[in-house]
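Contents: one structure, followed by commentary.
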Amino acid sequence: MKKILVAVDGSESAKKAAQKAADFAEDLDSKVTMIHVYTERAQIPVNQFNEVSSYLSAETLEEIMQEQEKTIRAKREKIINKDAKFFEEKGMEVEKLLVQGDPADKVCEYANENGFDLIVVADRGHGKVERFLLGSISDKIVRHAKTSVMVVK
Numbered sequence: 001m002k003k004i005l006v007a008v009d010g011s012e013s014a015k016k017a018a019q020k021a022a023d024f025a026e027d028l029d030s031k032v033t034m035i036h037v038y039t040e041r042a043q044i045p046v047n048q049f050n051e052v053s054s055y056l057s058a059e060t061l062e063e064i065m066q067e068q069e070k071t072i073r074a075k076r077e078k079i080i081n082k083d084a085k086f087f088e089e090k091g092m093e094v095e096k097l098l099v100q101g102d103p104a105d106k107v108c109e110y111a112n113e114n115g116f117d118l119i120v121v122a123d124r125g126h127g128k129v130e131r132f133l134l135g136s137i138s139d140k141i142v143r144h145a146k147t148s149v150m151v152v153k
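Those letters in the sequence shown? Residues 1 to 153, per full-length UniProt numbering, in order.
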């Protein structure tokens, strides 16, 4: 296994998965890419009546949305950088990728398009209610991935 994709989301379970993947990748001398998929999107500001703030110019709205996107990405970069430390402590280079969209879909697409030998995911990341409503991301990855998946508990 020369290429390993590690999906992280900032949860304690994902931290364990990153740790296990670092050990595994070190033993196999594998190239590692970490992926963090986020669902937030920049939004047009709304006033207290839920109407679009039409009094703002298009340029101002664009600036606000760009600033929101920067804030979202900065928050998400902290998550991926935190879990990358397990690889960096072992002297391993790790590619870090931030993607916006559906987490399971994006992980499977990226792994397939880039020829990964293994996807490493945590067994859970959401709370119980969210997992019931949204379905487990790791379960969806296991069902839809075209490559092997290691689920870390």
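We put the beta carbon where it would ideally sit given N, CA and C, even for glycine.
Distance between beta carbons of V99 and I35, contact taken as under 8 angstroms: So it is a contact: roughly 6 angstroms between Cβ atoms.
Cα-Cα separation between S13 and A111, rounded to whole angstroms: Cα to Cα, S13 sits roughly 21 angstroms from A111.
Own chain partners of I137 with C-beta closer than 6 angstroms, once the 5 adjacent residues on each side are dropped: Residues of the same chain with a CB within less than 6 angstroms of the CB of I137, apart from the 5 flanking positions on each side, are P103, A104 in chain order.
For V142, the first and last residue of its enclosing alpha helix (DSSP H): Counting along the chain, the unbroken alpha helix (DSSP H) around V142 starts and ends at 137 to 144.
DSSP state of S148 mapped onto helix, strand, coil: Note: S148 maps to strand in three-state DSSP.
Member of K75, A122, T147 whose CA lies at the smallest distance from the CA of K153: Closest option to K153, Cα to Cα, is A122.
Cα-Cα separation, T39 to I72: If you take the alpha carbons of T39 and I72, they lie about 10 angstroms apart.
I35 - partner residues in DSSP beta bridges: In DSSP, I35 forms a bridge with A7, L97.
For A42, the three-state DSSP class (helix, strand or coil): Coil, per DSSP.
CB-CB length for T116 against I4, believed under 8 angstroms: The residue asked about is misnamed: residue 116 is Phe in this sequence, not Thr. Between F116 and I4 a beta carbon distance of about 7 angstroms is seen, short of the 8 angstroms cut, so the two are scored as contacting.
From V142, T147, R124, residue whose alpha carbon lies closest to that of residue 159: Lying outside 1 to 153, the shown extent of the chain, residue 159 is not represented and no answer is given.
Through-space distance from L61 to I141, alpha-carbon basis: Approximately 36 angstroms, taken between the alpha carbons.
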